[in-house]
Amino acid sequence: MPHDAQPNPDETALNERFEARIAAGETIEPKDWMPERYRHQLIRMMSQHAHSEIVGMLPEGNWITRAPSLKRKMSLIAKVQDEAGHGLYIYCGTETLGVDRAELVDQLLTGKAKYSSIFNYPTLSWADMGTIGWFVDGAAIVNQTVLAKASYGPYARAMIRICKEENFHKKQGYEIIATLASGTPAQNAMAQDAVNRWWWPSLMMFGPSDADSPNTAELIRWRVKRKTNDELRQRFVDLTVPQAQAVGLTLPDPALKYNEDTQHWDFGPIDWDEFWAVVKGNGPCNRERLQARRDAHEKGAWVRDAADSYAAKHQRAQTSSAA
Amino acid sequence: MPDASNGETQWPLWEIFAQEGEGAPHEHVGSLHAPDAELALQNARDVYARRGSIVSLWVVPSVAITASPSDEAGPFFEPGADKVYRHPQFYKIPRGIKGF
Numbered sequence: 001m002p003h004d005a006q007p008n009p010d011e012t013a014l015n016e017r018f019e020a021r022i023a024a025g026e027t028i029e030p031k032d033w034m035p036e037r038y039r040h041q042l043i044r045m046m047s048q049h050a051h052s053e054i055v056g057m058l059p060e061g062n063w064i065t066r067a068p069s070l071k072r073k074m075s076l077i078a079k080v081q082d083e084a085g086h087g088l089y090i091y092c093g094t095e096t097l098g099v100d101r102a103e104l105v106d107q108l109l110t111g112k113a114k115y116s117s118i119f120n121y122p123t124l125s126w127a128d129m130g131t132i133g134w135f136v137d138g139a140a141i142v143n144q145t146v147l148a149k150a151s152y153g154p155y156a157r158a159m160i161r162i163c164k165e166e167n168f169h170k171k172q173g174y175e176i177i178a179t180l181a182s183g184t185p186a187q188n189a190m191a192q193d194a195v196n197r198w199w200w201p202s203l204m205m206f207g208p209s210d211a212d213s214p215n216t217a218e219l220i221r222w223r224v225k226r227k228t229n230d231e232l233r234q235r236f237v238d239l240t241v242p243q244a245q246a247v248g249l250t251l252p253d254p255a256l257k258y259n260e261d262t263q264h265w266d267f268g269p270i271d272w273d274e275f276w277a278v279v280k281g282n283g284p285c286n287r288e289r290l291q292a293r294r295d296a297h298e299k300g301a302w303v304r305d306a307a308d309s310y311a312a313k314h315q316r317a318q319t320s321s322a323a
Numbered sequence: 324m325p326d327a328s329n330g331e332t333q334w335p336l337w338e339i340f341a342q343e344g345e346g347a348p349h350e351h352v353g354s355l356h357a358p359d360a361e362l363a364l365q366n367a368r369d370v371y372a373r374r375g376s377i378v379s380l381w382v383v384p385s386v387a388i389t390a391s392p393s394d395e396a397g398p399f400f401e402p403g404a405d406k407v408y409r410h411p412q413f414y415k416i417p418r419g420i421k422g423f
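Read top to bottom, the protein sequences are chains V and X. Mapping of the first sequence onto our numbering: residues 1 to 323, in sequence order. Mapping of the second sequence onto our numbering: residues 324 to 423, in sequence order.
Spelled out as structure tokens, the structure:
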């Protein structure tokens, strides 16, 4: 599809029609005309989201062999498999914008692509599996529930599918934490330690504050985003504080306080220096995660080769039986 | 093998249609890459039917699908929009008739 860099009269009319459709709440489909910038922003957002699902398998995959019971092990395997599926849903949605999945995977493996900063933190104890399900999947659900109403049809449909499946992720995580919190003092301490380490990085998952998020206004106007980063972060805090109280754990923020006027939980300042350091590749596990992805890709080459050989063998068999 | 010489960098794309329960229609659920139909079905099972409700899957090569035109959607579908007499509201029935 040719896209002119120069705006021409045709393009102006198309643009006006596009903006009118957005304003009317219509859904944009792959075959519809869209401004290059809308396409570009969606490819950026969706591919980062897909990469996050794929890299997100790593911190939890680490613990499959060390799960404390068969039940927990089955749940964790199912959850990690879901993340792979979610990555594929979103990659396939991104491909409808005219980009090749192979190209996106290449961008991830070469370190050119970004993914959620949360996955660059280490998983040090079994309680981290609980906290990731509770906080990280909880935050993802807050984010994705809103993205399920995004103006781009394939993205919205992928989000609906993901949200349906992800509720189990959060619940199994919270169950792990609730169990540990009501266990021995050592188990309770393990849960509290995990909560202390994951709380702030989870708040950072919603991205920079609105003041430092130059894309937000445009993405909201285009209904790609329906709420700002700060609005979603606040919703997550409001949902999570009572859940922490219910299991008797504290959140590591002395400034956390219910505000009667706003009916929201006020919270302390986020360490944005840490956020940007992790985004720029200097988090605790950035290099380790990328290396693990590269290894998985290379070590999985034989599976792709085998699939090729199998398909070729069947093709030959069909051709010869038809002859 | 994916043929890189003609710009193809990966396996062909397949569109996946799933039937969610007996009697339901097959609906488009997404797409995936696979070297042939058999492996497309296997992968579709793992990607789109991980939970119990799917009873049937179709995989169709994406290139086999011909879509209606997007820039002429108005005129293309107009014949369906301007025939009010195809709707029951177009017709009047005598008053007093209940349970028509």
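In this text, a Cβ means the ideal position worked out from N, Cα and C, and glycines have one as well.
With distances taken Cα to Cα, identify the nearest neighbour of PRO68 (chain V) among V:ILE176, V:MET45, V:ALA158. The shortest Cα separation from PRO68 (chain V) among V:ILE176, V:MET45, V:ALA158 belongs to V:ILE176.
With a threshold of 7 Å between beta-carbons, can GLY61 (chain V) be considered close to chain X, or not? Among the residues facing chain X, GLY61 (chain V) is not included, as its CB has no counterpart in that chain under 7 Å away.
Quick one: is PRO2 (chain V) buried, meaning 16 or more other Cβ sit within 10 Å of its Cβ, or exposed? Low local confidence applies: a pLDDT of 48 at PRO2 (chain V) is under 50, so the model's placement there is unreliable, with the coordinate-based value given in what follows. The C-beta of PRO2 (chain V) has fewer than 16 other C-beta atoms within 10 Å across all chains shown, which makes the residue exposed.
Run through DSSP, which three-state label would LYS257 (chain V) get? Three-state DSSP puts LYS257 (chain V) in a strand.
Within the chosen definition, does the stretch 250–266 of chain V reach the stretch 222–241 of chain V through at least 3 CB pairs nearer than 8 Å? Segment contact: the stretch 250–266 of chain V against the stretch 222–241 of chain V, three or more CB-CB distances shorter than 8 Å; contact assigned.
Anything in chain X within Cβ reach of LEU88 (chain V), meaning under 7 Å, just list it in chain order. Those are LEU355, VAL370, listed as they occur along chain X.
Between X:LYS415, X:ILE377, X:PHE400, which lies nearest to HIS351 (chain X) when the distance is taken from Cα to Cα? Taking only the C-alpha atoms, the option nearest HIS351 (chain X) is X:ILE377.
With a threshold of 16 other CB atoms inside 10 Å of the CB of ILE118 (chain V), please say whether the residue is buried or exposed. Classification of ILE118 (chain V): buried, given that the 10 Å Cβ count is 16 or more.
Backbone CA spacing between SER328 (chain X) and ASP100 (chain V) [nearest angstrom]: Low confidence applies to SER328 (chain X): its pLDDT is 41, below 50, so where it sits in the model is not reliable enough to give any reading.
Check whether the Cβ of LYS112 (chain V) lies closer than 7 Å to any Cβ atom in chain X. At a cut-off of 7 Å between beta-carbon atoms, LYS112 (chain V) makes no contact with chain X.
Can you look up HIS384 (chain X) in the DSSP assignment and give me helix, strand or coil? The sequence shown places Pro at residue 384 (chain X), not His. In this structure, PRO384 (chain X) counts as strand in the three-state DSSP scheme.
Neighbourhood of MET263 (chain V) by C-beta distance below 7 Å, restricted to the same chain and skipping five residues each side: Residue 263 (chain V) is actually Gln in this sequence, not Met. Nothing listed; no residue qualifies.
Should GLU95 (chain V) be labelled buried (16 or more other beta-carbon atoms within 10 Å of its own) or exposed? Note on GLU95 (chain V): 16 or more other CB atoms within 10 angstroms of its CB, so buried under the neighbour-count rule.
Assigned secondary structure, GLU26 (chain V) (DSSP; H/G/I helix, E/B strand, else coil): In the three-state reduction of the DSSP assignment, GLU26 (chain V) falls in the coil class.
Compute the distance between the beta-carbons of GLY138 (chain V) and LYS170 (chain V), then report whether it is under 7 Å. In this structure, LYS170 (chain V) lies closer than 7 Å to GLY138 (chain V) by Cβ.
Taking the C-alpha atoms as reference points, what is the distance between GLU326 (chain V) and VAL136 (chain V)? An answer regarding residue 326 (chain V) cannot be provided, because it is not within the stretch 1 to 323 covered by chain V.
Taking the alpha carbon of TYR310 (chain V) as the reference point, which residue from X:GLY353, X:TRP334, X:TRP337, X:ASP359 has its own alpha carbon closest? Nearest option by C-alpha distance: X:ASP359.
Could you give the DSSP three-state label for ALA341 (chain X): helix, strand or coil? DSSP, reduced to helix, strand and coil, places ALA341 (chain X) within a strand of the structure shown.
Run the CB neighbour count on LYS225 (chain V), radius 10 Å, all protein chains shown included, and call it buried at 16 or more, exposed below. With 16 or more Cβ atoms within 10 Å of its Cβ, LYS225 (chain V) is classed as buried.
Would MET115 (chain V) pass as a contact of GLN41 (chain V) if the rule is Cβ separation under 7 Å? Residue 115 (chain V) is actually Tyr in this sequence, not Met. Their beta carbons are not under 7 Å apart, which means TYR115 (chain V) does not touch GLN41 (chain V) by this criterion.
At what residue ranges does the stretch 43–67 of chain V contain a whole run of the alpha helix (DSSP H), taking only runs of 4 or more? Positions of the alpha helix (DSSP H) runs, each at least 4 residues long and wholly inside the stretch 43–67 of chain V, are given as 57–61 in order along the chain.
What residue range does the alpha helix (DSSP H) around SER182 (chain V) cover? For SER182 (chain V), there is no enclosing alpha helix (DSSP H), as DSSP marks it with neither H nor E.
Spell out whether any CB of chain V is found under 7 Å from the CB atom of SER376 (chain X). So, not an interface residue.
Pair every Cβ in the stretch 176–187 of chain V with every Cβ in the stretch 84–98 of chain V, then say whether three or more of these pairs are closer than 8 Å. At 8 Å Cβ cutoff, the stretches do not touch.
Ignore the nearest five residues each way along the sequence and tell me which others in LEU58 (chain V)'s own chain have a CB closer than 7 Å to its CB. Only PHE119, ARG289, ALA292 meet the Cβ criterion.
Three-state secondary structure assigned by DSSP to SER75 (chain V): In the structure shown, SER75 (chain V) sits in a helix (DSSP, three-state: H, G or I).
Determine, for PRO2 (chain V), whether the minimum Cβ-Cβ distance to residues of chain X falls below 7 Å. The predicted position of PRO2 (chain V) is uncertain, since its pLDDT is 48 and thus under 50; no value can be drawn from it.
Is the separation between the beta-carbon of HIS356 (chain X) and that of TRP381 (chain X) shorter than 7 Å? The beta carbons of HIS356 (chain X) and TRP381 (chain X) sit no closer together than 7 Å.
Interface residues of chain V facing GLU361 (chain X) [CB-CB closer than 9 Å]: Under the 9 Å cutoff, chain V gives TYR310, ALA311, HIS314.
C-alpha gap between ILE28 (chain V) and SER182 (chain V), whole angstroms: So the two alpha carbons sit approximately 49 Å from each other.
Beta-carbon contacts of LYS149 (chain V) that lie in its chain and below 8 Å, excluding the five residues immediately before and after: Cβ-Cβ distances below 8 Å link LYS149 (chain V) to ALA156, ARG223, ARG226 in the same chain, with the five nearest sequence neighbours on each side left out; the list follows chain order.
Start-to-end residues for the alpha helix (DSSP H) that takes in PRO369 (chain X): In the sequence on display, residue 369 (chain X) carries Asp and not Pro. From DSSP, the alpha helix (DSSP H) with ASP369 (chain X) extends over 360–371.
DSSP three-state label for TRP265 (chain V), please. TRP265 (chain V) falls in the strand class under three-state DSSP.
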